[in-house]
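Novice: In the order they appear, the protein sequences are chains U and L. With our numbering, the residue at position 166 of the first sequence is 884, and numbering never jumps. With our numbering, the residue at position 166 of the second sequence is 884, and numbering never jumps. Glycine included, C-beta positions come from ideal geometry on N, C-alpha and C. Since we're looking at a predicted model, the values are computed, not measured. Let me give you the structure first, and then I'll get to my questions.
Protein chains: 2
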Amino acid sequence: MDLTIAEENYLKAIYHLSEGGKKSVSTNDIAGEIQTKPASVSDMLRRLSDKHVIQYKKYYGLQITESGKQLALQTIRKHRLWEVFLVDKLQFAWDEVHEVAEQLEHIQSSLLIQRLDAFLNYPKFDPHGDPIPDEYGDVRSRPRIPLNEMNIDQVGQIVAVKDSSAAFLRYLDKVGAYIGARIKVLDKVEFDGSVEILVDQKKTLFMSKDVASNILVLQS
Amino acid sequence: MDLTIAEENYLKAIYHLSEGGKKSVSTNDIAGEIQTKPASVSDMLRRLSDKHVIQYKKYYGLQITESGKQLALQTIRKHRLWEVFLVDKLQFAWDEVHEVAEQLEHIQSSLLIQRLDAFLNYPKFDPHGDPIPDEYGDVRSRPRIPLNEMNIDQVGQIVAVKDSSAAFLRYLDKVGAYIGARIKVLDKVEFDGSVEILVDQKKTLFMSKDVASNILVLQS
DNA sequence: AAATTAAATTAGATATATCTAAAAAAAATG
DNA sequence: CATTTTTTTTAGATATATCTAATTTAATTT
Ligand SMILES: [Mn+2]
Ligand SMILES: [Mn+2]
Ligand SMILES: [Mn+2]
Ligand SMILES: [Mn+2]
């Protein structure tokens with residue numbers, strides 16, 4: 719039994735909300751993530767439950783099932799592979815890919831995804847540093863921490879961003895913070911949590927705690 | 719006002735039927751093309767008319783409008799560009815692309831199509847020899863005739879196929895008839911319309927009138 | 001021209017997906 | 001623990017898209 723496009727989008731949102739360490743996912747959380755109304759979510763939860771991709775008892779919260787998790791991971795795999803395609807092959811900027819990938823992720827063809835994966839040389843991460851699940855749903859995630867949680871003098875490499883909004887990504891482009899950049903924490907301001915970092919041993923950069931918390935670093 | 723996926727599919731079918739038969743397109747014809755019921759077509763015709771992509775007076779037939787034609791051509795452009803992508807870049811066989819392109823043609827992003835076109839080196843024809851409309855909807859079609867209408871001793875080049883079904887395309891693969899092949903008509907059987915041709919000055923091939931009528935040739 | 005047949009449309013049903021407003025249940029508060 | 005607030009669900013409406021069965025209109029035949 720296949721999922722509709724709307725069902726795939728809901729399931730993906732539920733998976734993302736579940737991953738964030740959150741124990742139970744609320745109807746309002748889902749509504750916020752999908753940009754829809756709680757009433758629509760309640761309706762959809764019943765349908766997802768009927769298809770056994772979530773366990774759901776009304777008013778008691780929900781849990782994604784193993785089969786639901788696998789389906790969500792396949793949609794995420796497709797989304798991220800398409801993002802790599804758009805950036806690597808079609809010269810899209812990393813802040814331009816999301817909307818298009820949101821559509822492409824729903825194309826149904828296992829052959830297509832196999833071939834696309836090979837064509838892209840089996841990438842392990844998308845343009846935002848997020849890991850690409852393999853065809854069995856396995857994710858090789860790297861240990862990474864928000865930049866604002868690093869201490870002075872610690873060094874590492876920017877490997878991902880938490881926020882993939884165009885506004886944030888364009889800001890990073892402007893200041894010269896990119897995935898793969900080697901950084902060192904030069905200073906942290908106690909008062910507001912802002913940080914000063916050295917990028918590629920050349921350039922110093924000041925950023926607010928808000929910005930730093932959306933940059934994920936692999937420490938070394 | 720954008721079209722839905724269903725509306726795009728109907729409009730594309732109407733365009734194809736208008737191009738072929740020329741005269742008026744019937745509700746039953748559309749139902750046959752789209753694999754749906756006449757009742758559903760009547761319903762859709764009213765909606766397409768509301769969106770001014772066809773002119774429609776019930777029981778009196780329909781005509782595609784200029785804006786409808788442009789929209790259909792853009793969908794066809796996307797369909798054929800994706801087919802080229804699948805064959806040239808992802809090693810799909812020409813009989814494997816249709817279903818996937820049928821989905822990909824509905825992805826909405828003008829930047830995507832511009833970039834895809836460039837990435838593929840601005841192809842003029844799809845894997846089945848059909849011309850790819852440019853971004854303004856202009857189609858540069860070559861004069862071509864069905865193979866069964868050629869006379870003995872005439873020569874030419876296979877440039878397209880009328881039938882794009884997997885069964886037909888796999889048959890052509892098997893006998894070695896491909897787009898670009900140079901052919902010469904060696905013999906025609908009056909009785910059943912079957913023909914004997916020479917392919918690439920090497921191989922002789924017998925084919926029924928039915929097969930020959932689905933192979934389009936550019937005479938030389 | 002009347003009767004018959006074919007084509008097209010409408011009526012009414014079902015399924016998906018969404019919304020607003022109202023009701024019900026759970027959680028928070030004093 | 002009773003009351004208030006928040007969250008969640010349901011009721012009822014709208015829009016898309018499809019179907020079967022009935023009806024209407026057009027076309028064909030006698
Ligand atoms: Mn999506
Ligand atoms: Mn991404
Ligand atoms: Mn289609
Ligand atoms: Mn084609």
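At a Cβ cut of 8 Å, what residues of the region 791-811 of chain L count as close to chain U, listed as they run along the chain?
Specialist: Leu804, Lys807, Leu808, Gln809 and Phe810
Novice: Got a sec, what are the start and stop residues for the alpha helix (DSSP H) Phe837 (chain U) sits in?
Specialist: Here the alpha helix (DSSP H) through Phe837 (chain U) covers Ser828 to Phe837.
Novice: Where does Asp905 (chain U) fall in DSSP's three states?
Specialist: strand
Novice: How long is the line joining the alpha carbons of Asp835 (chain U) and Tyr778 (chain L), rounded to whole angstroms?
Specialist: 51 Å
Novice: Comparing C-alpha positions only, which one of L:Gln875, L:Ala731, L:Ser828 and L:Asp871 sits nearest to Gln781 (chain L)?
Specialist: Nearest C-alpha to Gln781 (chain L): L:Ala731.
Novice: At a Cβ threshold of 8 Å, is Val850 (chain L) touching chain U?
Specialist: Before going on, a small fix: residue 850 (chain L) reads as Ile here, not Val. Cβ-Cβ to chain U under 8 Å: no for Ile850 (chain L).
Novice: Is it buried or exposed for Ser926 (chain L), if we count other Cβ within 10 angstroms and need 16 for buried?
Specialist: exposed
Novice: Should Gly801 (chain U) be listed as close to ligand 2, given that the test is whether its C-beta is under 7 Å from any heavy atom?
Specialist: Here the sequence assigns Glu to residue 801 (chain U), which means Gly is not the residue at that position. Glu801 (chain U) Cβ: within cutoff of ligand 2.
Novice: Taking the straight line between their C-alpha atoms, what separation do you get for Phe803 (chain L) and Met868 (chain U)?
Specialist: 45 Å
Novice: On a Cα-Cα basis, can you pick out the residue from L:Leu830, L:Val857 and L:Leu829 that is closest to Lys711 (chain L)?
Specialist: Past the edges of chain L, shown from 719 to 938, lies residue 711 (chain L), and the structure says nothing about it.
Novice: Could you say if the region 923-937 of chain U and the region 745-757 of chain L meet the contact criterion of at least three C-beta pairs nearer than 8 Å?
Specialist: no
Novice: Which same chain residues end up closer than 7 Å to Asp747 (chain L) when comparing Cβ atoms and leaving out the 5 residues on each side of it in sequence?
Specialist: Leu735
Novice: Looking only at its chain, what residues have a beta carbon closer than 8 Å to the beta carbon of Arg822 (chain L), apart from the 5 residues adjacent to it on each side?
Specialist: Note on residue identity: the sequence assigns Leu, not Arg, to residue 822 (chain L). Closer than 8 Å at the Cβ level, and outside the excluded window around Leu822 (chain L), lie Lys796, His797 and Trp800.
Novice: Beta strand (DSSP E) containing Lys921 (chain U): first to last residue?
Specialist: For Lys921 (chain U), the enclosing beta strand (DSSP E) covers residues Lys921 to Met925.
Novice: For Glu853 (chain U), which option in U:Gly894, U:Lys787 and U:Lys906 has the closest C-alpha, if you only look at C-alpha atoms?
Specialist: U:Lys787
Novice: Which residues in chain L sit within 7 Å of Ile831 (chain U), going by Cβ to Cβ distance?
Specialist: By Cβ distance, chain L contributes nothing, its closest Cβ being about 10 Å from Ile831 (chain U), past 7 Å.
Novice: How about Asp918 (chain L) and Ala899 (chain L): do their beta carbons lie closer than 8 Å?
Specialist: Yes, they are a contact pair.
Novice: When you compare the CB of Leu780 (chain L) with every CB in chain U, is at least one pair closer than 8 Å?
Specialist: no
Novice: Hey, out of U:Leu830, U:Arg888, U:Glu908 and U:Leu808, whose CA is closest to Phe837 (chain L)'s CA?
Specialist: U:Leu808
Novice: Excluding five sequence neighbours on each side, which residues of the same chain lie with their C-beta closer than 8 Å to the C-beta of His770 (chain U)?
Specialist: Closer than 8 Å at Cβ, skipping near neighbours: Thr783, Ser785 and Gly786.
Novice: Once DSSP output is grouped into helix, strand and coil, what is the label at Phe886 (chain L)?
Specialist: helix
Novice: Kindly list the residues whose CB is nearer than 8 Å to the CB of Gly894 (chain L), restricted to its own chain and excluding five residues on each side of it in sequence; keep chain order.
Specialist: Val917, Lys921 and Leu923
Novice: Please work out which residues of its chain come closer than 7 Å, Cβ to Cβ, to Lys906 (chain L), disregarding the five sequence neighbours upstream and downstream, and give them in chain order.
Specialist: The residues are Ile870 and Val913.
Novice: Rounded to a whole number of angstroms, what is the C-alpha to C-alpha distance between Lys775 (chain U) and Leu763 (chain U)?
Specialist: 9 Å
Novice: Let me confirm a value: Gln792 (chain U) is counted as buried when at least 16 other C-beta atoms fall within 10 Å, else exposed. Which label applies?
Specialist: buried
Novice: Pick from L:Leu766, L:Ser827 and L:Phe810: whose alpha carbon is nearest that of Ala884 (chain L)?
Specialist: The residue from L:Leu766, L:Ser827 and L:Phe810 with its alpha-carbon nearest to that of Ala884 (chain L) is L:Phe810.
Novice: Answer yes or no: do Arg888 (chain L) and Asp806 (chain L) have a C-beta to C-beta separation smaller than 8 Å?
Specialist: No, they are not a contact pair.
Novice: Any heavy atom of ligand 4 within a distance shorter than 7 Å of the CB on Asp841 (chain U)?
Specialist: The residue you asked about is not Asp; residue 841 (chain U) is Pro in the sequence shown. Flag unset: Cβ of Pro841 (chain U) not near ligand 4.
Novice: Does DSSP classify Arg764 (chain L) as helix, strand or coil?
Specialist: Reduced to three states, the DSSP call for Arg764 (chain L) is helix.
Novice: Using a C-beta to C-beta distance shorter than 8 Å, which residues of chain L count as neighbours of Ser827 (chain U)?
Specialist: Correct list: Glu817, Val818 and Gln821.
Novice: Which chain L residues sit within Cβ distance under 7 Å of Leu834 (chain U)?
Specialist: Leu808
Novice: Which residue from U:Val818, U:Gln826 and U:Pro864 puts its Cα closest to that of His816 (chain L)?
Specialist: U:Gln826
Novice: What is the DSSP secondary structure of Val913 (chain U), counted as helix, strand or coil?
Specialist: strand
Novice: By alpha-carbon positions, which one of U:Val743, U:Pro845 and U:Tyr728 ends up nearest to Asp761 (chain U)?
Specialist: U:Tyr728
Novice: Could you check where the alpha helix (DSSP H) with Gly898 (chain U) kicks off and where it finishes?
Specialist: Here Gly898 (chain U) belongs to no alpha helix (DSSP H), and DSSP marks it neither H nor E.
Novice: Enumerate in chain order the residues of its own chain whose CB-to-CB distance from Tyr896 (chain U) is below 8 Å, with the five nearest sequence positions on each side excluded.
Specialist: Ile876 and Leu890
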